[in-house]
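Residue numbers (the numbering used here), protein chains in the order written: chain X, 1 to 184; chain A, 1001 to 1184.
Here it is, written out as structure tokens:
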């Protein structure tokens, strides 16, 4: 978790900070398979959350759709999209840092806990967390992240700051030099 | 709904039949923006469900992450991954044919209704359905689809047929000549 926290924290020094990062490791050996940060704006794709991207890139790398034998660490509890994707990918286990409720203090969320999504599925993926919650929460409360939230679409950022979003990030805007997700 | 049913039904005559198709139209004019079928195996990506792909391709086409002003028609009720993605994309409305329970008779599912996911979100997307449920269910019960289900991973197909899956589709297998999703 500390590794993905540090990887994600590096985005805070870029033009496009994100608090969301995900790491996939071999469940037995702990060997890293893939890590990724949220790239919704960079990729112009609402599904490009860190967890979903990490699974997508890992599947491309392994040339298979089944990630049984692997565990995902995420700086934030996966939203229902990402948790459902983890189930479809048959991940052994998902470990998260901050909770959806923590994230919801800063940005819009879908309030269905990851463990509930897992519990209502035909497939099984163990969900553990919060782990190092305070550390992961610091990604959200960092001044650079707070500034960035004000440019995100959604009422939470507006409410938190009492300001309208300064501007919405333009689609196709110059790609930020973020630390870079794992190449495939 | 009939249009996306017919588009999806064309896959039944290919090597890789799928019962899942999604169409995105302008909510006011009804003009088609994008349509796609499930391509999990073809793209080697567990997130390549029809609905999520349609949103992804539509966002690439429009060069934006916000699909307010658009409605999605899906041959099957979106799973939590696809419904959450529809919410993140701010779609006005999702209309579905067969239900998750219908699909669950043939393949593994995550049993959280689309309307429930929407109802627990900070964002709002109207969910309507089932519509033309019998027609859409025919995609699942078609003999070619039933044969294909036996090659899918998961206990439902095994239970339904009393057989073990004949084989798992190989990753990287020759791409099927399906009717073709909309180009971007």
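Yeah, the Cβ is synthetic: ideal placement off N, Cα and C, and Gly gets one too. Since we're looking at a predicted model, the values are computed, not measured.
Status (buried if at least 16 other CB within 10 Å, exposed otherwise) for residue i
i	result
residue 8 of chain X	buried
residue 141 of chain X	exposed
residue 77 of chain X	buried
residue 143 of chain X	exposed
residue 29 of chain X	exposed
residue 1051 of chain A	buried
residue 1068 of chain A	exposed
residue 1101 of chain A	exposed
Nearest neighbour of residue i, chosen from the options [CA to CA]
i	options	result
residue 1042 of chain A	A/1053, A/1104, A/1034, A/1099	A/1053
residue 26 of chain X	X/81, X/93, X/84, X/19	X/93
residue 127 of chain X	X/48, X/82, X/56	X/82
residue 1112 of chain A	X/80, X/63, X/19, X/11	X/80
residue 109 of chain X	A/1119, A/1101, A/1105	A/1119
residue 1037 of chain A	A/1018, A/1129, A/1138	A/1018
residue 1020 of chain A	A/1090, A/1068, A/1098, A/1045	A/1098
residue 1130 of chain A	A/1151, A/1147, A/1107, A/1103	A/1103
residue 148 of chain X	X/15, X/101, X/64, X/91	X/15
residue 1049 of chain A	A/1066, A/1075, A/1031, A/1062	A/1075
residue 194 of chain X	X/116, X/146, X/65, X/125	Nothing in the structure corresponds to residue 194 of chain X, since chain X is present only between 1 and 184.
residue 1022 of chain A	A/1090, A/1095, A/1066, A/1150	A/1095
residue 1046 of chain A	X/46, X/57, X/12, X/45	X/57
residue 1151 of chain A	A/1117, A/1132, A/1107, A/1031	A/1107
Contact list for residue i against chain A, beta-carbon separation under 7 angstroms
i	result
residue 72 of chain X	The contacting residues do not exist; residue 72 of chain X stays about 13 angstroms from chain A at best.
residue 56 of chain X	1045, 1047
residue 52 of chain X	1047
Amino acids of chain X, ordered along the chain, whose beta-carbon sits closer than 8 angstroms to that of residue i
i	result
residue 1080 of chain A	80, 81, 83, 84, 112, 117
residue 1065 of chain A	40, 41, 44, 45, 46, 171
Residue i versus residue j: straight-line alpha-carbon distance, rounded
i	j	result
residue 73 of chain X	residue 24 of chain X	6 angstroms
residue 1085 of chain A	residue 1121 of chain A	11 angstroms
residue 88 of chain X	residue 123 of chain X	8 angstroms
residue 1001 of chain A	residue 1070 of chain A	15 angstroms
residue 40 of chain X	residue 1006 of chain A	32 angstroms
residue 1010 of chain A	residue 33 of chain X	37 angstroms
residue 60 of chain X	residue 35 of chain X	13 angstroms
residue 1003 of chain A	residue 138 of chain X	49 angstroms
residue 135 of chain X	residue 115 of chain X	21 angstroms
residue 44 of chain X	residue 1065 of chain A	6 angstroms
residue 1192 of chain A	residue 13 of chain X	In the structure as shown, chain A begins at 1001 and stops at 1184. Residue 1192 of chain A is therefore absent and cannot be evaluated.
residue 133 of chain X	residue 62 of chain X	31 angstroms
residue 1031 of chain A	residue 55 of chain X	33 angstroms
residue 90 of chain X	residue 117 of chain X	13 angstroms
residue 125 of chain X	residue 1125 of chain A	28 angstroms
Interface partners of residue i on chain A, CB under 8 angstroms
i	result
residue 60 of chain X	1044, 1045
Any non-hydrogen atom of the ligand PLP within 7 angstroms of residue i CB
i	result
residue 48 of chain X	Ligands are entirely absent from the displayed structure, and the ligand PLP is therefore not among its contents.
| Listed from N- to C-terminal order along the chain, which residues in the stretch 1121 to 1143 of chain A have their beta-carbon within a distance smaller than 7 angstroms of any beta-carbon of chain X? | 1121, 1122, 1123
| query | Relative to chain A, which residues along the stretch 88 to 114 of chain X have a C-beta separation below 7 angstroms, given in chain order? | reply | 88, 89, 108, 109, 110, 111, 112
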